[in-house]
Amino acid sequence: VLYTDINPNIAFLKSHPNFRTGIDRVEVQSFCDREPEASADIVVFSIPSGVRDKKPDSRSIKAAFTRDRRFITTMVENVSRILVPGGRFVFWYGIHPGQVHFFSEFVILLGKYFDGSSLNCLMEYQFEDGYTSTVYSIQK
Numbered sequence: 144v145l146y147t148d149i150n151p152n153i154a155f156l157k158s159h160p161n162f163r164t165g166i167d168r169v170e171v172q173s174f175c176d177r178e179p180e181a182s183a184d185i186v187v188f189s190i191p192s193g194v195r196d197k198k199p200d201s202r203s204i205k206a207a208f209t210r211d212r213r214f215i216t217t218m219v220e221n222v223s224r225i226l227v228p229g230g231r232f233v234f235w236y237g238i239h240p241g242q243v244h245f246f247s248e249f250v251i252l253l254g255k256y257f258d259g260s261s262l263n264c265l266m267e268y269q270f271e272d273g274y275t276s277t278v279y280s281i282q283k
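Each number in the numbering used here comes from the position in the sequence shown (counting from 1) with 143 added on.
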């Protein structure tokens, strides 16, 4: 299992009791860019909320997350590249009220690289303000 994030705050996962030394990996990196092709069975990825490939308003907080205009496309391409056939992509995606269309665009993109019929919601939590936090799994 590879758990990757650009934020170094994930290092604590190496001390989790379910972490299997020599089998599981936690890597701080951007877009899985250092991973060899077909090298992972499962990739877990936390996607910044409301991110999309279109350039956001430069005054928006989202601009900080989307310095690379192809953030989502690059991430999906690289995760697909490193997964073995039949591998699983597990990802967290937060949906803000009024931004469901971003998620729809994301699901369409996933369909280019993954088996869309295998998309499965593993967990969902809806907050009072309408924000929905979800964890999904999809198979390559």
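Note that beta-carbon positions come from the ideal geometry of N, C-alpha and C, so glycine has one too.
For residue i, I'd like the list of residues in its chain whose CB is within less than 8 Å of its CB, leaving aside the five on either flank, ordered along the chain.
| i | result |
| --- | --- |
| A207 | Caution applies to A207, whose pLDDT of 49 falls short of 50 and renders its modelled position unreliable; the value that the coordinates give is listed next. Excluding positions up to five away in sequence, the list is empty. |
| S173 | I149 |
Give the C-beta separation of residue i and residue j to the nearest angstrom, bearing in mind that I take them to be a contact with Cβ-Cβ under 8 Å.
| i | j | result |
| --- | --- | --- |
| V227 | D184 | 6 Å |
| F257 | F232 | 6 Å |
| T275 | C264 | T275 to C264, Cβ: 10 Å. No contact. |
| V186 | C175 | 7 Å |
Which residues in the same chain as residue i place their Cβ atom closer than 7 Å to its Cβ, once the five residues preceding and following it in sequence are excluded?
| i | result |
| --- | --- |
| S182 | I225 |
| L252 | I215, T216, V219 |
| F162 | L156 |
Kindly indicate which three-state DSSP category residue i falls into: helix, strand or coil?
| i | result |
| --- | --- |
| P228 | strand |
| E248 | helix |
For residue i, which residues from the same chain have a beta carbon less than 6 Å from its beta carbon, with the 5 sequence-adjacent residues on both sides left out?
| i | result |
| --- | --- |
| E170 | T147 |
| I153 | V169 |
| I238 | F246, T275 |
| S280 | R231, V233, N263, L265 |
| G273 | P240 |
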